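Taking it in order: structure first as structure tokens, then the write-up.
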Amino acid sequence: MKNLIVVFAVVSFIFTSCTTVKFETAQPAGGKILTEFPKKFVGSYSNSDKDTLIIMKSSYIQGKEKESKLAATGNAVEGESVLKKLGKNYVLSIKDEKAWEVVVITSEKNTLGVLYINLETDKEQIINNLKATTSTKEFENDEGRIEYYLVNPTKKEFKNLIKKNVFTRTMTFEKFK
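In the working numbering, the protein residues as written are 1 to 177.
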């Protein structure tokens, strides 16, 4: 949970501070919504920066943020999250006022890896991969600068985005013992 909370804080920071990629729907499209985190995820985590993440059965807390709950349906309200499984990974989609912010979570033993689309590194290549894989819309702010890209991939296209390394590992959380 702590890892997911840290993920939420990082995602919130990233999406409010720079150009981002948002999704029209919780990902992967058509995937089954999980109402609980896997038992192996439940616990307390920290990363190398000492950020904490607490994962509970159906919610998580990141750092000093308020508790974020998993939505039982795709009709989440702002701030709620939707969790889905994709192969060995899990995908956490966080509803904001305009769309969905998406992170991919990998799991190995007592470690959670957090992957997201980081446009701070190789933006041109990432945008090219997005446009080559799925429909991509650009939304500008009042100054005419691109605020975010909006995509709506099919499940297959979403898998291809992961394969093409559009999502990159940004954090690793270790479970407290």
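In this text, a Cβ means the ideal position worked out from N, Cα and C, and glycines have one as well.
For clarity, every value in this text was computed on a predicted model and none was experimentally measured.
| Does the stretch 79-96 touch the stretch 141-149, meaning 3 or more C-beta pairs lie closer than 8 Å? | Contact between the stretch 141-149 and the stretch 79-96 is absent: fewer than three C-beta pairs spanning the two stretches fall below 8 Å.
| query | Span of the alpha helix (DSSP H) holding residue 124? | reply | 123-133
| request: Give the DSSP-derived three-state secondary structure of residue 167 in the structure shown. | output: coil
| task | Give a yes or no on whether the C-beta atoms belonging to residue 161 and residue 121 are separated by under 7 Å. | result | In terms of Cβ geometry, residue 161 and residue 121 do not form a close pair [threshold 7 Å].
| said: Please give me, in chain order, every unbroken run of the beta strand (DSSP E) with length at least 3 that falls completely inside the stretch 27-89. | reply: Taking only runs of at least 3 residues, the beta strand (DSSP E) segments lying wholly in the stretch 27-89 are 43-46, 52-55, 59-62 and 81-86.
| Proximity below 7 Å, CB of residue 195 to CB of residue 30 | Here the chain covers residues 1 to 177 and nothing more, so residue 195 does not appear.
| request: Compute the Euclidean distance between the alpha carbons of residue 115 and residue 101, then round it to the nearest angstrom. | output: 12 Å
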